[in-house]
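Protein chains in written order, with numbering that gives the first Met the number 0: chain A, 0 to 286; chain B, 0 to 512.
Structure, as structure tokens:
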Amino acid sequence: MQAQTPSDALMMPGGQICLAVSYSHDAWSQYWEGTLKRENGNIGTLTREMVMPMFALGITDRINLIAALPWMRTRASAGQMAGVNGLQDWGIWLKAQGFSVQAGPGRAEGFAALGFSAPASNYLSDYMPFSLGLGCPDLSLRGILKYELNGGAYLRGQAGFHYRGITTIERSYYFTTHGIYTDQVDVPNALSYGGALGTWMLKRSLRAEFSLDGLHTFGGFDIRRQDMGFPSNRMNLVQIGFRAQYYLPAVRGLGITAAASQVLAGRNAGQSSLLSGGLTWQFGVWK
Amino acid sequence: MRPLQYIILFSAALLCLLPACQPELPAFVPFEAYEYASLDQTGGTWKPVVLSSASQVGIPAPADAASPAFLAEVAEAKALSASLTPEQQEAIEYWGSNPLIRWNEIARDLAAKYNLPPAPNPDGTYGVPDPANPSQYPYFPFAHPPYACRMLAYWSVAQFDAMIAVWQYKYQFNRPAPFQADPSVEVHLPENQLPGYPSDGAAVAAVSKAVLSAMFPLEKEFIAAKAAEHLDALKRSGMQVQSDLTAGDSLGRAVAALVLARASSDGMRKAQTSRAISDSIRDAAQARLGWHWENLEDPVRPVGITPLFGKVRPWCIPSVEAVRPVPPPAPGSPEFEADAAELKEIAENLTAEQRRIANFWSDGIGTYTPPGHWNRRASEYMVQARFNPLRSARTFAYLNMAMMDAGISCWDAKYYYHYPRPSQAIPGFKTILGIPNFPSYTSGHSTFSAAAAAVLSHIFPQDAAAFEAWAEEAAMSRIYAGIHFRFDAEVGNDQGKQVAAYTIAKARLDGAE
Numbered sequence: 000m001q002a003q004t005p006s007d008a009l010m011m012p013g014g015q016i017c018l019a020v021s022y023s024h025d026a027w028s029q030y031w032e033g034t035l036k037r038e039n040g041n042i043g044t045l046t047r048e049m050v051m052p053m054f055a056l057g058i059t060d061r062i063n064l065i066a067a068l069p070w071m072r073t074r075a076s077a078g079q080m081a082g083v084n085g086l087q088d089w090g091i092w093l094k095a096q097g098f099s100v101q102a103g104p105g106r107a108e109g110f111a112a113l114g115f116s117a118p119a120s121n122y123l124s125d126y127m128p129f130s131l132g133l134g135c136p137d138l139s140l141r142g143i144l145k146y147e148l149n150g151g152a153y154l155r156g157q158a159g160f161h162y163r164g165i166t167t168i169e170r171s172y173y174f175t176t177h178g179i180y181t182d183q184v185d186v187p188n189a190l191s192y193g194g195a196l197g198t199w200m201l202k203r204s205l206r207a208e209f210s211l212d213g214l215h216t217f218g219g220f221d222i223r224r225q226d227m228g229f230p231s232n233r234m235n236l237v238q239i240g241f242r243a244q245y246y247l248p249a250v251r252g253l254g255i256t257a258a259a260s261q262v263l264a265g266r267n268a269g270q271s272s273l274l275s276g277g278l279t280w281q282f283g284v285w286k
Numbered sequence: 000m001r002p003l004q005y006i007i008l009f010s011a012a013l014l015c016l017l018p019a020c021q022p023e024l025p026a027f028v029p030f031e032a033y034e035y036a037s038l039d040q041t042g043g044t045w046k047p048v049v050l051s052s053a054s055q056v057g058i059p060a061p062a063d064a065a066s067p068a069f070l071a072e073v074a075e076a077k078a079l080s081a082s083l084t085p086e087q088q089e090a091i092e093y094w095g096s097n098p099l100i101r102w103n104e105i106a107r108d109l110a111a112k113y114n115l116p117p118a119p120n121p122d123g124t125y126g127v128p129d130p131a132n133p134s135q136y137p138y139f140p141f142a143h144p145p146y147a148c149r150m151l152a153y154w155s156v157a158q159f160d161a162m163i164a165v166w167q168y169k170y171q172f173n174r175p176a177p178f179q180a181d182p183s184v185e186v187h188l189p190e191n192q193l194p195g196y197p198s199d200g201a202a203v204a205a206v207s208k209a210v211l212s213a214m215f216p217l218e219k220e221f222i223a224a225k226a227a228e229h230l231d232a233l234k235r236s237g238m239q240v241q242s243d244l245t246a247g248d249s250l251g252r253a254v255a256a257l258v259l260a261r262a263s264s265d266g267m268r269k270a271q272t273s274r275a276i277s278d279s280i281r282d283a284a285q286a287r288l289g290w291h292w293e294n295l296e297d298p299v300r301p302v303g304i305t306p307l308f309g310k311v312r313p314w315c316i317p318s319v320e321a322v323r324p325v326p327p328p329a330p331g332s333p334e335f336e337a338d339a340a341e342l343k344e345i346a347e348n349l350t351a352e353q354r355r356i357a358n359f360w361s362d363g364i365g366t367y368t369p370p371g372h373w374n375r376r377a378s379e380y381m382v383q384a385r386f387n388p389l390r391s392a393r394t395f396a397y398l399n400m401a402m403m404d405a406g407i408s409c410w411d412a413k414y415y416y417h418y419p420r421p422s423q424a425i426p427g428f429k430t431i432l433g434i435p436n437f438p439s440y441t442s443g444h445s446t447f448s449a450a451a452a453a454v455l456s457h458i459f460p461q462d463a464a465a466f467e468a469w470a471e472e473a474a475m476s477r478i479y480a481g482i483h484f485r486f487d488a489e490v491g492n493d494q495g496k497q498v499a500a501y502t503i504a505k506a507r508l509d510g511a512e
């Protein structure tokens, strides 16, 4: 078992390392300008691709360290705006298991993850949706609860608060609901949350789950009619997803992952469809 | 402790501490109130722009400084300034000793707020902002660069003419301000020794209210509230009595009405043409030159921004033909190919510094446009030089007359030469900024900036090198962004200087130098 992401309920045993790399492709041709859903002939389909190497270490059975450094590329199928590419935000998370108790026909577990991410390059956060990210430091604290039946089916819920800092753009004035005379942009804090229903199969070599996830920002402003997106927009979304993870019986420690998700509703966000796939390789270092 | 407890404790500590690191983002540029470098006592003799003379608009003679009526007003001003709430104190500091700087900032903010192009309708057509029905989408105005430069020009000229009149009456009547009449009156601004009647600040507020309300009709209430706040701050400052404010207000309103009369007949009404006229301008260019510019948006915008802005009445240039640049190199010519190759080379190897410059001067949709950018810069210099309101109004007037004339002359060239943008002329070429909806040659950024730099260099000669360097940087920024060819930028820069020479010639003769 491995700590694949800071928001799942998996822990790697102490002394184990997991290296992972994933590729994701997400695209939208409609987006919400404030609450108005629209297309934009000067964007067409906006595609974002990401290659994300990840590293996870079981410090102990109950404390894991996770790090990631994604590379991204954006492009639009129409219009004159050039896409961009480069390193997005490096991130590091410390995840701990708080409790794990037998309860009824299964086991209840609780986790917390403290994370920090910040830009890994001088990418420009201005000119959304072409920009690679929000360009700000993000300190997050997440709680995760899971109840798993002895047979392998589980229910998981998680919620995390993101305390986001300032991003610097290359203009000394911008307009939100009023003019602001600086190149500093206060990126709104956010809550990300989700629930998942899944199960282990094939002697715990295959895991599959359905999820419903959301993002809710505190504050921020709506994109005005025919304006561009901006890092301090209110950015909300709800999406459904499916995820599977399979440990290849032939090669010890090697696993593959696949995921898909679809945004259902949003505000100042694109209606993304995402597909991703990845490889994981887990091995022991000590113990 | 258990691991989870560590995490929770550490996080709680961080989350409590971090908000303290978050700076408050400035919604205005603060500046310290100051003592004017000069009072320009003879300013009433300067030549106004629209008014026939400083005394074209009359005001009643004030009550005598020794009269009971005036002494009662002084007593009232004394009582008001003696007990200020923190908010009232803050408002006096906000408006400061030179409220033109603040009103210029408000004008720029309004330009930014209204600088959004109409969105397409579901059937692929576009609405046109209608001054007769401003609240119907697309809202009036669309404050694109021609609109913004013209708005700033009328605001500035009205302020300049009003300040000349204010100065003329201040020194004609020479009635003391309350703090001069009674040294026990508490003042909350530096003691600038201008006569009190009429109030320069009230005239500035009245002109701003009239001109900005005409230019941004949907903002009437916001502007009126700002003007009321400004007058309240003046009343409590210890610097003015009520009759100073009343006279300044009526003088400001009368001058603004005269200047706005010019605006109503300057040709702007016809600048945003019908599709038929726009097509005929394009076809004429095609027949004359063998090329034409096209809007490449989807859906296509059928008419570019203000095809007939070049026919709007200028302030200082004798005609657009007098400053019309030479024709651009034909697409496909060796000179064109060299500049096109340069753009491709830059786009492929854009440096961080080039990107920064392109963004710093981008001044595109949702911003106060290049004329606004130069007004902000000019404001900083005026504060630094401790200009009084009259001299500030003069600086804004020549700066913005030059930029409006630059815009008129640039738009004449744009639609006369109807030159394609790089994205149209170079197959597959992409830009890092949005492409404005008007032809390429010459560059508006370059023309506006060169004209602004020339006027500011005339006013602040010791800083001429810096202004010219910025104008060139603004011109280059469009090449870095892929919006313009080098010849658009360089010729635009020359054109802006030529236009400004006429403005500066006018400035030399107004009696202020």
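Positions of the beta carbon are idealized from the N, C-alpha and C atoms, including for glycine.
Bear in mind the structure is a predicted one, so any value in this text is a computation, not a measurement.
A check of alpha carbon separations from residue 38 of chain B across B:70, B:203 and B:96 identifies B:96 as the nearest. Of the residues A:245, A:151 and A:268, the one whose Cα lies closest to the Cα of residue 30 of chain A is A:268. The alpha-carbon separation between residue 398 of chain B and residue 500 of chain B amounts to approximately 12 Å.
Of all residues in the region 287-310 of chain B, the ones placed with a Cβ closer than 7 Å to any Cβ belonging to chain A are 295, 296, 297 and 298, in chain order. Taken in chain order, the members of the region 88-120 of chain A whose beta-carbon sits within less than 7 Å of a beta-carbon on chain B are 93, 95, 97, 111 and 113. Taken in chain order, the unbroken stretches of alpha helix (DSSP H) that lie wholly in the region 174-243 of chain B and span 4 residues or more are 177-180, 199-214 and 219-234. When C-alpha distances from residue 112 of chain B are compared across B:355, B:371, B:407 and B:178, the shortest belongs to B:371.
At least one beta carbon of chain B lies nearer than 7 Å to the beta carbon of residue 169 of chain A. Residue 225 of chain A has a beta carbon lying within less than 7 Å of a beta carbon in chain B. Under the three-state reduction of DSSP, residue 180 of chain A is assigned to coil, being neither helix nor strand. In this structure, the alpha-carbon of residue 309 of chain B lies about 45 Å from that of residue 235 of chain A.
Counting C-beta pairs with one atom in each stretch, the region 142-159 of chain A and the region 99-118 of chain A have three or more that are closer than 8 Å, which means they touch.
Where residue 456 of chain B is concerned, the enclosing alpha helix (DSSP H) starts and stops at 443-458.
If you draw a straight line from the Cα of residue 233 of chain A to the Cα of residue 422 of chain B, it comes to about 33 Å.
Taken through DSSP and simplified to helix, strand or coil, residue 387 of chain B comes out as coil.
Distance from residue 408 of chain B to residue 319 of chain B at the Cβ level is roughly 5 Å; contact confirmed, criterion being Cβ atoms closer than 8 Å. For the region 338-355 of chain B, residues whose beta-carbon sits nearer than 8 Å to a beta-carbon of chain A comprise 346, 351, 354 and 355. Listed along the chain, the chain B residues whose CB falls inside 7 Å of the CB of residue 177 of chain A are 26 and 108. Checking the DSSP bridge columns, you'll see residue 285 of chain A has no partner listed.
When rounded, the separation of the alpha-carbon atoms in residue 418 of chain B and residue 328 of chain B is 10 Å. Taking all protein chains shown into account, residue 350 of chain B has fewer than 16 neighbouring C-beta atoms within 10 Å of its C-beta and is therefore exposed. Membership of residue 159 of chain A in any alpha helix (DSSP H) is not indicated; the residue belongs instead to the beta strand (DSSP E) covering 152-163. Between residue 26 of chain A and chain B, the shortest Cβ-Cβ separation is not below 7 Å. One alpha carbon belongs to residue 53 of chain B, the other to residue 247 of chain B, and they sit about 14 Å apart. Using beta-carbon distances, residue 422 of chain B counts as an interface residue toward chain A, with a partner under 7 Å. Scanning the region 326-376 of chain B for uninterrupted alpha helix (DSSP H) segments of 4 residues or longer gives 333-347 and 351-359, listed from N- to C-terminal end. Contact check for residue 497 of chain B against residue 311 of chain B fails: the beta carbons are separated by 7 Å or more. For the C-beta of residue 117 of chain B, the chain A residues within less than 8 Å are, from N- to C-terminus, 225. In terms of beta-carbon proximity, residue 146 of chain A stays away from the interface with chain B, with every pair separated by 7 Å or more.
CA-CA distance, residue 480 of chain B to residue 474 of chain B, rounds to 10 Å.
Residue 78 of chain A and residue 106 of chain B have their C-alpha atoms some 32 Å from each other. For the options B:141, B:123, B:202 and B:304, the alpha carbon positioned closest to that of residue 115 of chain B is the one of B:141.
Taking 9 Å as the Cβ-Cβ cut-off, the region 186-203 of chain A has no residue approaching chain B. Taking 7 Å as the cut-off, the beta carbon of residue 389 of chain B is found closer than this to the beta carbon of residue 42 of chain B. Fewer than three beta-carbon pairs drawn from the region 250-265 of chain B and the region 221-241 of chain B are found closer than 8 Å, and the two stretches are therefore not classed as touching.
As the crow flies, the alpha-carbon of residue 93 of chain A is around 55 Å from that of residue 487 of chain B.
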